[in-house]
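Structure record follows, encoded as structure tokens.
Protein chains in written order, with the working numbering: chain G, 13 to 547; chain L, 8 to 312.
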């Protein structure tokens with residue numbers, strides 16, 4: 013009897029081990045698909061075929077996104093992923109031309125009449141999705157709502173507008189509180205889509221939120237929260253026949269490995285935000301690949317310059333900068349998906365400094381010498397905070413920086429923080445010597461990028477330079493584009509000299525796509541469907 | 008019975024009040040949602056003005072007072088993220104979560120009852136040992152891992168089931184197996200040990216000695232008597248499934264309450280967190296009440312004073 017039980021136990025143990033080993037094999041495949049290339053090839057072919065079959069009838073495009081959109085209240089959210097969908101439904105008055113300038117969109121023409129007055133002429137014949145025509149009344153209604161209601165999240169980006177005056181059915185002027193050189197930037201970002209006045213007034217705001225209409229190339233069809241947003245092509249779009257897709261589905265798939273699995277099996281044609289751990293799996297699978305594009309987000313180290321911290325000494329800050337090899341971070345941790353930078357203003361934004369892009373300082377000897385000079389020849393200990401899982405590879409980047417600092421004699425005590433605690437620290441300025449953060453620039457203008465260095469924002473870094481404040485103040489109200497540009501170039505040079513932050517690199521946006529789809533992630537992180545085509 | 012039910016329902020009120028306070032205090036202590044609502048590059052003025060506009064500068068007791076008065080009227084406030092009534096957002100997700108919970112429970116029951124009875128009646132046989140091994144494994148495997156493995160094996164490699172989402176019947180299979188496995192494991196163990204104990208009781212021996220068929224002895228005489236702990240476990244697990252399918256819902260992109268709750272906690276969307284916890288608490292209380300009623304149906308000796 014005892015003997016029989018022993019053998020039975022052994023059998024069960026064996027089976028259990030086999031099961032675990034089989035499952036373990038799967039996870040290995042996830043980590044390094046190179047070893048299983050043949051498997052992946054076969055899989056890819058089948059999957060791609062499947063995807064095409066599914067979509068020939070309706071001609072629909074399915075995009076996997078990481079988080080659901082927030083709302084159809086375009087004035088009360090601050091989420092790029094929400095705007096990424098809205099951009100297909102609602103249209104702006106003007107759009108960025110990608111070179112720091114602007115093109116008319118709903119506006120046929122626009123001019124800056126004097127320091128505080130802008131005059132716009134709307135295109136005629138622009139239709140909302142319910143067939144009503146767009147007029148200056150709609151523009152006034154939209155801008156009045158966001159500039160007057162203080163509880164709206166976007167209020168602060170539009171309260172510079174003092175009034176909107178209607179001059180005719182298609183003509184209106186915007187009066188600003190003071191000189192507002194970046195008004196057009198404000199009119200081409202989150203919150204600037206034009207809403208249908210009559211529709212909202214007749215049906216009510218709540219009805220609008222569940223049945224939104226705009227003037228964009230796609231109209232709303234369905235929103236199943238945390239599941240999908242479905243849009244349908246609007247055939248009377250004022251821009252004409254701009255897209256081949258009849259239907260677009262944004263599927264919410266929060267877990268990135270699930271998003272990639274959906275891409276590999278043809279469930280979606282584009283997977284947004286694919287983390288580096290999954291790149292090989294996507295690239296090695298036949299029929300899918302990774303694509304990337306730059307963003308305005310810059311990763312940087314904020315350094316505290318209040319007297320009690322060693323980082324108040326510029327030599328220590330410079331030593332940190334010289335100790336870090338930016339190129340090594342972008343190449344080895346990010347697989348080349350990032351570019352070293354020495355400013356917060358990225359190329360393509362107004363006021364970007366051409367000499368501060370794709371450059372960095374790295375000289376360990378110099379770093380040691382600077383520390384010695386500052387009196388820390390025997391070593392220096394600082395606190396280093398970093399979020400975990402917020403930015404691409406942030407954990408690895410922070411650890412690499414700690415390693416690089418230790419090589420020159422700086423012991424950085426690295427503390428990883430949960431995002432909501434991190435944000436508290438960041439917004440209240442309760443940080444110590446150093447923390448890693450990524451800052452975007454949704455305005456595509458140096459004005460927003462440079463606010464971090466004004467003494468108004470000094471609670472995070474303790475940095476204040478009256479000379480810089482004067483330059484920034486002047487640029488903020490200067491209506492001459494060329495003069496502004498020069499002021500911002502000078503301001504960025506001062507920042508490089510004073511080094512309140514150590515700049516690391518420009519972040520890239522990574523997506524996975526199915527072969528046959530022509531898509532490049534755009535710099536503003538929006539997903540404008542007419543830009544996505546079949547090859 | 009009627010009086011008992013009324014008393015049980017009245018007991019719910021203080022429980023819900025206490026839960027509401029704990030949840031409110033925890034979310035309040037967790038910090039300020041405004042900094043999460045605005046991007047990293049927002050200025051201090053923007054943060055301050057939004058905080059003031061949302062009434063977040065009021066002291067704790069004032070905020071709690073406002074909250075509880077509204078909550079009594081079924082108003083948990085507006086979600087910051089969705090800018091919509093929180094309770095309705097949560098209730099919108101409830102059917103999806105219930106659907107998944109029920110299917111998982113059916114899956115677990117279908118596996119556990121025959122397996123438990125079988126391994127009890129064939130104690131120490133191969134079947135019993137395999138069932139025991141499988142139960143230990145089923146209970147020990149973390150949900151998220153099992154889910155990801157099932158996707159890789161059955162969706163990516165074998166292409167039998169869709170990877171994620173909700174829609175057809177096929178969509179529910181993998182998440183239901185993921186959630187049901189651990190429950191099936193626990194129920195199998197419970198049924199087995201109860202059955203073994205009951206099978207040694209005098210009345211079972213009497214039934215057997217009367218010459219009753221084995222199946223009648225096992226199912227009619229013995230199994231019915233081991234149902235009370237099984238019902239308890241099912242009730243507890245179902246309420247657990249309603250509130251606790253967080254990870255599984257995220258892995259399978261299942262648009263239920265679990266996913267909503269995870270996102271709300273991350274974004275400190277207090278209204279949603281409170282409404283979710285309220286709904287889950289009600290579900291737990293209801294399931295326990297249901298279990299009590301079923302006890303009486305199974306075992307007439309149980310009386311409610």
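Note that CB positions come from ideal geometry on N, CA and C, so glycine has one too.
Taking 9 Å as the cut-off, the Cβ atoms of residue 346/G and residue 272/G do not count as close. Using a 10 angstroms sphere on the CB of residue 208/L, the tally of other CB atoms stays under 16, which defines it as exposed. Closest option to residue 101/L, judged by alpha-carbon separation, among 152/L, 263/L, 145/L and 256/L: 263/L. With respect to the 9 Å criterion, residue 227/G and residue 141/G are classified as neighbours on the basis of their beta carbons. Note on geometry: alpha-carbon atoms of residue 137/G and residue 119/G lie some 12 Å from one another. Taking the beta carbon of residue 285/L as reference, no residue of chain G falls within 7 Å; the closest one sits roughly 19 Å away. Here residue 111/G is near residue 360/G, since their CB atoms are less than 9 Å apart. As computed with DSSP, residue 303/G is found in a beta bridge with 523/G. When rounded, the separation of the alpha-carbon atoms in residue 419/G and residue 381/G is 13 Å.
Counting along the chain, the unbroken beta strand (DSSP E) around residue 116/G starts and ends at 114-116. Exposure of residue 77/L is indicated by the presence of fewer than 16 other C-beta atoms within 10 angstroms of its C-beta.
Of the residues assessed, residue 88/L falls on the buried side of the cut-off, its CB having 16 or more other CB atoms within 10 angstroms. Proximity to residue 32/L across 164/L, 69/L, 154/L and 94/L peaks at 69/L, based on C-alpha coordinates.
Non-local C-beta neighbours of residue 237/G in its own chain, meaning closer than 7 Å and more than five positions away in sequence, comprise 80, ordered along the chain. When Cβ-Cβ separations below 9 Å define contact, residue 435/G makes contact with chain L. Ranked by Cα distance from residue 23/L, the options 166/L, 284/L and 157/L are led by 284/L.
When the beta-carbon positions are compared, residue 448/G and residue 396/G come within less than 9 Å of each other. By the C-beta criterion, the stretch 238-246 of chain L is judged to be in contact with the stretch 287-304 of chain L, since at least 3 inter-stretch pairs fall below 8 Å. Pairing residue 178/G with residue 313/G gives a Cβ-Cβ distance that is not under 9 Å. Residue 40/L holds the alpha-carbon nearest to the alpha-carbon of residue 61/L among 40/L, 126/L, 205/L and 96/L. Counted as a single uninterrupted DSSP element, the alpha helix (DSSP H) harbouring residue 481/G occupies residues 478-489.
Residue-level contact by beta carbon fails for residue 291/G and chain L, as no gap is shorter than 9 Å. Chain G places no beta carbon closer than 9 Å to that of residue 123/L, leaving this residue out of the contacts. Contact annotation for residue 193/L against chain G: no contact, minimum CB-CB distance about 18 Å [criterion: below 7 Å]. At a cut-off of 9 Å, the C-beta of residue 177/L has no neighbouring C-beta in chain G.
Contact with chain G is found for residue 39/L, since one of that chain's Cβ atoms lies less than 9 Å from the residue's Cβ. For the stretch 269-299 of chain G, the set of positions with a beta-carbon nearer than 7 Å to some beta-carbon of chain L reads 269, 270, 273, 274, 276, 277 and 279 in chain order. Cβ-Cβ distances below 7 Å link residue 170/G to 155, 158, 159, 198 and 203 in the same chain, with the five nearest sequence neighbours on each side left out; the list follows chain order. For residue 177/G, there is no enclosing alpha helix (DSSP H); the enclosing beta strand (DSSP E) covers residues 173-180. Excluding its 5 nearest sequence neighbours in each direction, residue 246/L has C-beta neighbours in its own chain below 7 Å: 290, 291 and 294, listed in chain order. Its chain contains 202 and 538 as the residues whose beta carbon lies nearer than 7 Å to that of residue 95/G, once the 5 sequence neighbours on both sides are disregarded; these appear in chain order. When the beta-carbon positions are compared, residue 193/L and residue 233/L stay at least 9 Å from each other. Closest in alpha carbon position to residue 259/L, among 171/L, 303/L and 113/L, is 171/L. Counting only the Cα atoms, residue 300/L lies some 11 Å from residue 9/L.
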